[in-house]
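Worksheet: one structure, shown below.
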Amino acid sequence: MTIFIPTPLRSYVDGRDAIDVNASTIAEALSELTRTHPELRQHLFTVEGKLRAFVNLYLNDEDVRYLPGKEATAVSAGDTLSIIPSIAGGD
Amino acid sequence: MPITTTEPTALPELTTDDLSRYSRHLILPEVGMEGQRRLKAARVLCVGTGGLGSPLAFYLAAAGIGTLGLVDFDVVDASNLQRQIIHSTKDIGRKKLDSAAEKLTALNPALNVVKHDTMLSSANALEILKEYDIVADGTDNFPTRYLVNDACVLLGKPNVYGSIFRFEGQASVFATEQGPCYRCLYPEPPPPGLVPSCAEGGVLGILPGLVGVMQATEVIKLILGKGEPLIGRLLLVDALNMRFRELKLRKNPECPVCGTNPTVTQLIDYQQFCGIVPETPQESSVKNGIPQITVKELKRRIDAGEDVQLIDVREPYEYQIAQIGGKLIPQNDVPQRLAEIDREREVVVHCRSGARSQRIAEFLKQSGYPRVANVAGGILAWSDEIDPRVQKY
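Which chain is which? The protein sequence lines are A and B, in order. For any residue, its number in my numbering is found by taking its place in the first sequence, counting from 1, and adding 837. For any residue, its number in my numbering is found by taking its place in the second sequence, counting from 1, and adding 1236.
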């Protein structure tokens, strides 16, 4: 599946805007992403391993928090996972 | 349904001038006479007259909005002009409110501009917002974003949201009766310093133009009650790849402000909510365990020939614009390049404004460096207080 990386996190993945991973669930995809790019871990997860409250994940256009299986939801190669952190700029 | 349920008979009449000015609207079936009269009756508040607020207010004024409130306390700076198109070179140093009001009334003399020369706060937000039908959030910081959201939910006013960072933008419509609010999307703000502001991270000048115009479009649609507003949808713009995407947003039944059993029923302390602790003069010399040194003190120590291991954690392109003799190790490279920083000597870290270098100083301290200091104010302070030839940016 393809994981879209938002601008604020691109510096931790060599400037790339998307990364392809092989995974069968959302959790696996995230663990593969942070295994290959360990610096991302602290930006996405708390020390307890919980997704940070100001980072949202979307499987295709659905908020993962509202999927029945949440992060255990099965994914296929054609799916996309978007990481959407909050941004506040406007000035 | 239009956002205001005013009966068509109670709407203001269009003048002869209005009829010629808005003729391209009047021939659109979706606007027409009634829609234009709704726009004339509408009262819209723009929070901020900067990057997002400039195109937003400009287009709303052009479209024939009757009353436009502006909230800002800032003055125009040269670095604003790359994107804040409502201000001109001659306005540098003027209040943004005065500069914006002048341009808006020049564009549309019939517009009623209301200037709120203040920083929106928990003490004044409800009082200011309650006078308007719709609020457009063009602010630039998390505390104000949560404040605007909560005030809109409490007052039942739609919050037309836009936010930008570098090449990326987000837009949505929050706090309508049936739709989600900003807190449904992001229940909590990031800790201070983790998400850089536009001043630290930069922003492509055109981006607030794109996003601000989307906000203006949503405001107008809400007033007309036409089309499909961005309620329950988050529109993402990636200007670098010129990609637009849309995500579904849901109203969170457990949302602390708009949920079924809200715990936030009045405005709170948003600085505290966002983890921002007010500094007292005594505390400002040590921040999170990191001594803050002034540029004057740094200059004195360099001149006195003291051992100063000065590390510049900005990016190479910033270094090209201005530098003060520090060793360049961009912030993201620091973890891999610790071997280049001598643990035995005191480390003095600087950046453009002192924010990034503070985080790196904290990181170095955690990594076992015993003596680490941060240059308060960074390059900007150096340019102001020591050497104006050092270019500010």
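Ideal Cβ positions, reconstructed from N, Cα and C, are used throughout, including at glycine. Given the structure is predicted, the values throughout are model-derived calculations rather than measurements.
- A direct Cα-to-Cα measurement between L1347(B) and G1305(B) gives close to 10 Å.
- Between the alpha carbons of G1562(B) and G1468(B) lies a gap of roughly 48 Å.
- DSSP places H1261(B) inside the alpha helix (DSSP H), whose first and last residues are S1259 to L1262.
- Cβ atoms of P845(A) and P922(A) come within 8 Å of each other, at about 6 Å.
- In its chain, beyond the 5 residues on either side, G1284, G1286, S1433 and C1434 have a beta carbon closer than 7 Å to the beta carbon of D1376(B).
- In the three-state scheme derived from DSSP, where H, G and I count as helix and E and B as strand, P1244(B) is classed as helix.
- Chain A places a beta carbon closer than 8 Å to that of R1402(B), counting this residue as a contact.
- The DSSP-derived three-state label of D851(A) is coil.
- The beta carbon of N1344(B) sits closer than 6 Å to those of A1297, all from its chain and outside the five residues before and after it, given in chain order.
- Ranking D1369(B), G1461(B), S1290(B) and R1550(B) by CA distance to the CA of P1444(B) puts S1290(B) first.
- In this structure, L1288(B) places its C-beta atom within 8 Å of the C-beta atom of G1448(B).
- With a contact defined as Cβ atoms closer than 8 Å, Q1594(B) and K1523(B) qualify at about 6 Å.
- Of the candidates L1390(B), S1256(B) and L1317(B), the residue whose Cα lies closest to the Cα of A1299(B) is S1256(B).
- DSSP places L1343(B) inside the alpha helix (DSSP H), whose first and last residues are K1332 to L1343.
- The Cβ atoms of G1302(B) and K1276(B) sit closer than 8 Å to each other.
- R1486(B) and P1416(B) have their C-alpha atoms spaced approximately 6 Å apart.
- Unbroken beta strand (DSSP E) runs of no fewer than 3 residues, entirely contained in the region 1545-1583 of chain B, are found at 1545-1548, following chain order.
- Boundaries of the alpha helix (DSSP H) harbouring D1620(B): G1614 to E1621, taken from the DSSP string.
- L1460(B) and A1278(B) have their C-alpha atoms roughly 10 Å apart.
- Contact residues of the region 907-925 of chain A toward chain B are S919, I921, P922, S923, I924 and A925 (C-beta to C-beta distance below 8 Å).
- Secondary structure in the region 1483-1527 of chain B: no beta strand (DSSP E) run of 3 residues or longer lies completely within the stretch.
- With contacts defined by Cβ atoms closer than 8 Å, V1531(B) and V1549(B) do not form a contacting pair.
- Take N1488(B), set aside five residues on each side of it, and the residues of its chain with a beta-carbon closer than 7 Å to its own are P1416, C1420 and G1495, in chain order.
- Secondary structure of T1303(B) (DSSP, three-state): strand.
- Taking 8 Å as the cut-off between beta carbons, none of the residues of the region 1574-1608 of chain B comes near chain A.
- Nearest to M1355(B) by C-alpha distance, out of I1322(B), S1259(B), V1396(B) and C1282(B), is C1282(B).
- Under the 8 Å criterion on CB atoms, P1426(B) is classed as interfacial with respect to chain A.
- Contact of V1431(B) with chain A by beta-carbon distance below 8 Å involves P845, F891, P922, S923, I924 and A925.
- Among the bridge pairs identified by DSSP, Q1451(B) is matched with none.
- In the three-state reduction of the DSSP assignment, I1322(B) falls in the coil class, being assigned neither a helical nor a strand state.
- Here the alpha carbon of D1474(B) sits roughly 19 Å from the alpha carbon of Q1318(B).
- Taking C-beta atoms as the reference points, R1381(B) and A925(A) count as a pair closer than 8 Å.
- Shown here, H1586(B) sits in a strand according to DSSP, grouped into three states.
- By the neighbour-count criterion, in which 16 or more other beta carbons inside 10 Å mark a residue as buried, I1263(B) falls on the exposed side.
- Taking the CA atoms as reference points, V1611(B) sits about 10 Å from R1588(B).
- Listed in chain order, the non-local C-beta contacts of A860(A) below 7 Å within the same chain comprise M838, A866, E869 and V912, local neighbours out to five positions each way being set aside.
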